[in-house]
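So the protein lines, in turn, are chains Y and U. Mapping of the first sequence onto the numbering used here: residues 3 to 532, in sequence order. Mapping of the second sequence onto the numbering used here: residues 3 to 532, in sequence order. Report on one structure; see the data block that follows.
Protein chains: 2
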Amino acid sequence: MSSNAALPPRTGADLLCETLLAHGVDHCFANPGTSEMHFVAALDRQPRMRCVLGLAEGVVTGAADGYARMAGRPACTLLHTGPGLANGLANLHNAKRAHTPIVNIVGDHATYHLEHDAPLASDIESLARPMSHWVGRTPSADGVGAAAATAVREAVTPPGRIATLILAADHAWSASAAPVPAHSPPPTAPLPAAAELDRAAAALKRRRGTVLLLAGRTLRADGLAVAARIAAATGCRLLAPQANARVERGLGRVMIDRVPYVVDKALAMLADTASLVLVGAKAPVGFFAYPGKPGSMLPAGCEVLTAARPDEDGLGALHELATRVGAGSDAVAAAAKPLFATKRDLPLPTGALTASTLAQAVVARLPEGAIVCDESVSSGRDFFPMSWHAAPHDYLQITGGAIGLGIPLATGAALGAPGRRVVTLQADGSAMYTLQGLWTQARERLPVVTVIFSNRRYAILHGEYVQTGAGTPGANARQLFNLDDPALDWVALARGMGVGAERAETAERFTDLFGAALEHEGPFLIEAVI
Amino acid sequence: MSSNAALPPRTGADLLCETLLAHGVDHCFANPGTSEMHFVAALDRQPRMRCVLGLAEGVVTGAADGYARMAGRPACTLLHTGPGLANGLANLHNAKRAHTPIVNIVGDHATYHLEHDAPLASDIESLARPMSHWVGRTPSADGVGAAAATAVREAVTPPGRIATLILAADHAWSASAAPVPAHSPPPTAPLPAAAELDRAAAALKRRRGTVLLLAGRTLRADGLAVAARIAAATGCRLLAPQANARVERGLGRVMIDRVPYVVDKALAMLADTASLVLVGAKAPVGFFAYPGKPGSMLPAGCEVLTAARPDEDGLGALHELATRVGAGSDAVAAAAKPLFATKRDLPLPTGALTASTLAQAVVARLPEGAIVCDESVSSGRDFFPMSWHAAPHDYLQITGGAIGLGIPLATGAALGAPGRRVVTLQADGSAMYTLQGLWTQARERLPVVTVIFSNRRYAILHGEYVQTGAGTPGANARQLFNLDDPALDWVALARGMGVGAERAETAERFTDLFGAALEHEGPFLIEAVI
Numbered sequence: 003m004s005s006n007a008a009l010p011p012r013t014g015a016d017l018l019c020e021t022l023l024a025h026g027v028d029h030c031f032a033n034p035g036t037s038e039m040h041f042v043a044a045l046d047r048q049p050r051m052r053c054v055l056g057l058a059e060g061v062v063t064g065a066a067d068g069y070a071r072m073a074g075r076p077a078c079t080l081l082h083t084g085p086g087l088a089n090g091l092a093n094l095h096n097a098k099r100a101h102t103p104i105v106n107i108v109g110d111h112a113t114y115h116l117e118h119d120a121p122l123a124s125d126i127e128s129l130a131r132p133m134s135h136w137v138g139r140t141p142s143a144d145g146v147g148a149a150a151a152t153a154v155r156e157a158v159t160p161p162g163r164i165a166t167l168i169l170a171a172d173h174a175w176s177a178s179a180a181p182v183p184a185h186s187p188p189p190t191a192p193l194p195a196a197a198e199l200d201r202a203a204a205a206l207k208r209r210r211g212t213v214l215l216l217a218g219r220t221l222r223a224d225g226l227a228v229a230a231r232i233a234a235a236t237g238c239r240l241l242a243p244q245a246n247a248r249v250e251r252g253l254g255r256v257m258i259d260r261v262p263y264v265v266d267k268a269l270a271m272l273a274d275t276a277s278l279v280l281v282g283a284k285a286p287v288g289f290f291a292y293p294g295k296p297g298s299m300l301p302a303g304c305e306v307l308t309a310a311r312p313d314e315d316g317l318g319a320l321h322e323l324a325t326r327v328g329a330g331s332d333a334v335a336a337a338a339k340p341l342f343a344t345k346r347d348l349p350l351p352t353g354a355l356t357a358s359t360l361a362q363a364v365v366a367r368l369p370e371g372a373i374v375c376d377e378s379v380s381s382g383r384d385f386f387p388m389s390w391h392a393a394p395h396d397y398l399q400i401t402g403g404a405i406g407l408g409i410p411l412a413t414g415a416a417l418g419a420p421g422r423r424v425v426t427l428q429a430d431g432s433a434m435y436t437l438q439g440l441w442t443q444a445r446e447r448l449p450v451v452t453v454i455f456s457n458r459r460y461a462i463l464h465g466e467y468v469q470t471g472a473g474t475p476g477a478n479a480r481q482l483f484n485l486d487d488p489a490l491d492w493v494a495l496a497r498g499m500g501v502g503a504e505r506a507e508t509a510e511r512f513t514d515l516f517g518a519a520l521e522h523e524g525p526f527l528i529e530a531v532i
Numbered sequence: 003m004s005s006n007a008a009l010p011p012r013t014g015a016d017l018l019c020e021t022l023l024a025h026g027v028d029h030c031f032a033n034p035g036t037s038e039m040h041f042v043a044a045l046d047r048q049p050r051m052r053c054v055l056g057l058a059e060g061v062v063t064g065a066a067d068g069y070a071r072m073a074g075r076p077a078c079t080l081l082h083t084g085p086g087l088a089n090g091l092a093n094l095h096n097a098k099r100a101h102t103p104i105v106n107i108v109g110d111h112a113t114y115h116l117e118h119d120a121p122l123a124s125d126i127e128s129l130a131r132p133m134s135h136w137v138g139r140t141p142s143a144d145g146v147g148a149a150a151a152t153a154v155r156e157a158v159t160p161p162g163r164i165a166t167l168i169l170a171a172d173h174a175w176s177a178s179a180a181p182v183p184a185h186s187p188p189p190t191a192p193l194p195a196a197a198e199l200d201r202a203a204a205a206l207k208r209r210r211g212t213v214l215l216l217a218g219r220t221l222r223a224d225g226l227a228v229a230a231r232i233a234a235a236t237g238c239r240l241l242a243p244q245a246n247a248r249v250e251r252g253l254g255r256v257m258i259d260r261v262p263y264v265v266d267k268a269l270a271m272l273a274d275t276a277s278l279v280l281v282g283a284k285a286p287v288g289f290f291a292y293p294g295k296p297g298s299m300l301p302a303g304c305e306v307l308t309a310a311r312p313d314e315d316g317l318g319a320l321h322e323l324a325t326r327v328g329a330g331s332d333a334v335a336a337a338a339k340p341l342f343a344t345k346r347d348l349p350l351p352t353g354a355l356t357a358s359t360l361a362q363a364v365v366a367r368l369p370e371g372a373i374v375c376d377e378s379v380s381s382g383r384d385f386f387p388m389s390w391h392a393a394p395h396d397y398l399q400i401t402g403g404a405i406g407l408g409i410p411l412a413t414g415a416a417l418g419a420p421g422r423r424v425v426t427l428q429a430d431g432s433a434m435y436t437l438q439g440l441w442t443q444a445r446e447r448l449p450v451v452t453v454i455f456s457n458r459r460y461a462i463l464h465g466e467y468v469q470t471g472a473g474t475p476g477a478n479a480r481q482l483f484n485l486d487d488p489a490l491d492w493v494a495l496a497r498g499m500g501v502g503a504e505r506a507e508t509a510e511r512f513t514d515l516f517g518a519a520l521e522h523e524g525p526f527l528i529e530a531v532i
């Protein structure tokens, strides 16, 4: 009998962990169940894997999104069978729209147990497919390595994909001596075809009503700087989609406006567009349809040119366009003052706390290098234009309209960019979907300041209701829109999860609290009653 | 111009509300979004429809489950596009396993907007199908009525089904003068074929190792009384599945045991079974598979007879079996003392608060007619055997293993059985999935007492981990199982949502608090630190 006899054998689950680590995945956002116990046991044998618990799966998937947006590489999730995956789908939907790479590991029953239709059994593939680019199943314990390597490769395929691997319990617990698949460099995004770039450049050179719509990787400072050179050379307008995974904004960076959420405003902004050149973006459409209003936000006859698809090299495409239009140097572009955000005296707000004075305080106090996670919905619309003049920061948004992303996103972003301050601008109604994420922030001691816009209603629905022409909300509609009976006490909710919290009802108090929160070790929440 | 010119026209959404009401659906559990605004406007014109807001969709669907289990007829849900449905799927999974009738209304984009792949678009059918028996789409504004009538009919088809109707925004907002479809009586469950009943009766009459496994409707007092007559006549054993939608229990009722969750215990309990007669039940299988353990809980050679399928008339089948085996009267059965729960002196517990002393206090204090919603997971295993001697009550369980049902289920049960007290036995880890339901309890002033078993860990996973043979949990496993860093403060969490709350750390304190909470108007929560 060997001296190792008491050690458990290496299992398929060990092979999974080894493969994930070998392929650069070292964060596991998890909410495990019984069918994942052998996976957890394997994680226990891999201290290099950082395991982060979410107390609801929307926290798990939203945090994996935030992590990858900042770290630039995927985390894995650990989800418990179909219902566990289902709970995480809404934030996977947002991540999919953000082109975030994520590797989901969904534990399932042992293969031979499926025929019994045990209580937790369900059609996991049918649930996974709408929010995944790739769905696979482990074929055997020995095959777990290749399946995991494929999942990681799918996830990092440009521009970033959701890969869901269903892990059978018996493949996790059975012994395997199979080697870890070799890591190969991830696929890179190709440059667009020259003919497409030529057509786009020709439109830009016509200098007549051309909009350059930038998305994805091009919204970082370097991409925006190239876009500014093109704009300075051709007079084109620069725009970004309404919602973006990550934009580098603030002082010294290019002030790029977004297509508005409100249909009439979007139509007005794009009314004079003769040519739309897409770089990693899709042509703008209405977030929702409204009776009698168009679905496309483009004027009739507007020409649409695709300089780069989302899965092509947008940054490379911008450089190619700059060359083709004869764009000047950075200095030339920088001289085009209106393009770059310059220093302004940002006064501290006084008096009533409103969405606007709150934004003023955040902009004035935001530390350099902060990460702003914005799920402020209707209340945060003042922040975007003001924050061009804030310190340089990363700006992360909810991308798929599935509310409940803000708190988890911030949690993951803090883990993906250690040492940086995170500020969450969070609508109260949306915050309630995934408030459990505050507990993870406390557990992991994350430097996240959550600002709750506490207006005690689904404010956006009040507005949308009026749009229907049904008049002012009656008893049933108020019952469905208002959160004031009882009012949510966010200070109590945060403290209940171990997060320090205070309430602000004036601009001065908010400004003081926000400044103090930024000095606070670990997470802090401010309920801003607006 | 008519004097009605200012009134909005009757829409497809109005037709939907009228149809739901005409077909007996008058509770709408909702979390709406923009694409459902015209539906909300129509609800506003129907004060007979009670609209109940859930601040996360898991609350919405879990409450619809609890409502129907008590009211005996379906509520509808109102969910916002694919992600809103996704958030509600886990509790729909439980409801599907419970055979609960539910009509889901899922709002979708306008039909002509789908081609734009707007941010919230997803494959709703693929998401809905695993947790629905029926999925349909509205065909037009005029067709909304027939579609809704079909959905209700599907939902009330025995033994109860999940029907999901996808409502296109343009069908909701377009004018319709179509009539409300006539209400026809719901389909009834047929009696099983005589040959099946004969075979089952023959097995019972052999009087040798026969188990009568009862599920569904037969677990109410009347069904159990018939089963007791059969047991008294044939000596068969009565059993129920591990998890059940609703059992009538307590003093004077038949003491029916359940198949244990733990595989070895289930195997031991069923070891001597020669014949298993199913009445609305499925043959028992392991909740999960474990290495080297069987999936079926039945001994080799056990004969399985189906006296009634779940969609057949189980109560009628029991009466038929009673006749065939020559069962005596109720009085004869009642004389068979061990079958019926009799009055016992239930002492109030003292000293340390444990899962056991807690159960003792609940059993002693439970008011007659209470509804117990049990999601206590591993901590609540003492309650079931003790509560045979509690006052008569309804006992509702989590049926599909998707945790996060308890608080929503209680919320809906209170609305489905007005005037009755509801007691939720709630594990802390599971409570965190859908704690938002406490707010709905406060808003609706529901008489629900929530008891949180606060052991600050996923206790069941500690046990399951040890089963894997991996030894004691290491750093990563503890990180995924323990909820003690920081400890959740349930008193703060409940108060943050407007629910009164206190903490108990001794049996005496718990007993006092529980008694007071039962007198309290509206909801109350007790954090029981065990």
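Where a beta carbon is used, it is the ideal one built from N, C-alpha and C, also for glycine.
DSSP beta-bridge partners of residue i
i	result
U:R506	Here the sequence assigns Ala to residue 506 of chain U, which means Arg is not the residue at that position. Bridge partners of U:A506: U:A530.
Y:G109	Y:H82 and Y:L169
Y:I164	Y:I104
U:D259	U:L241
Y:C53	Y:C30
First through last residue of the beta strand (DSSP E) which encompasses residue i
i	result
U:S277	S277 to V281
U:D376	A372 to E377
Y:W390	That residue, Y:W390, is in no beta strand (DSSP E); it is neither H nor E in DSSP.
Y:A223	Looking at the DSSP string, Y:A223 is not in any beta strand (DSSP E); the run it does join, the alpha helix (DSSP H), is A223 to T236.
Y:I454	V450 to S456
U:R251	V249 to R251
Span separating the alpha-carbon of residue i from that of residue j
i	j	result
Y:I373	Y:R47	33 angstroms
Y:T36	U:Q362	29 angstroms
Y:R255	U:A100	57 angstroms
U:N6	Y:A472	In this predicted model, U:N6 has a pLDDT of only 43, less than 50, meaning its place in the structure is not dependable enough to derive any value.
U:L169	Y:P132	19 angstroms
Y:A357	Y:E507	12 angstroms
Y:A92	U:Y263	31 angstroms
Residue span of the alpha helix (DSSP H) that contains residue i, given as start and end
i	result
Y:D396	Counting along the chain, Y:D396 falls outside any alpha helix (DSSP H), though it belongs to the beta strand (DSSP E) covering H395 to Q399.
Y:W492	W492 to G498
U:S128	I126 to A130
U:A32	Per DSSP, U:A32 belongs to no alpha helix (DSSP H); it is in the beta strand (DSSP E), H29 to A32.
Y:V425	Taken as a continuous stretch (DSSP letters only), Y:V425 belongs to no alpha helix (DSSP H), being part of the beta strand (DSSP E) at V424 to A429.
Nearest candidate by alpha-carbon position, reference residue i, set the options
i	options	result
Y:R505	Y:I528, Y:A58 and Y:G303	Y:I528
Y:V42	Y:V108, Y:A97, Y:D67 and Y:A518	Y:V108
Y:G382	Y:L360, Y:K207, Y:G402 and Y:P187	Y:L360
U:P194	U:P351, U:G282 and U:S124	U:G282
U:E127	U:R251, U:L18 and U:L167	U:L167
U:I164	U:L320, U:A333, U:E521 and U:H95	U:H95
U:A302	U:A273, U:R447, U:G288 and U:D315	U:A273
Y:V228	Y:D259, Y:A291, Y:G330 and Y:M271	Y:G330
Where residue i meets chain U, residues with beta-carbon distance less than 9 angstroms
i	result
Y:N89	G60, A88, N89, L91, A92, A404, G406 and Y435
7 angstroms Cβ cut-off: residues of chain Y touching residue i
i	result
U:N106	Those within 7 angstroms of U:N106 in chain Y number zero; the least Cβ separation is about 14 angstroms.
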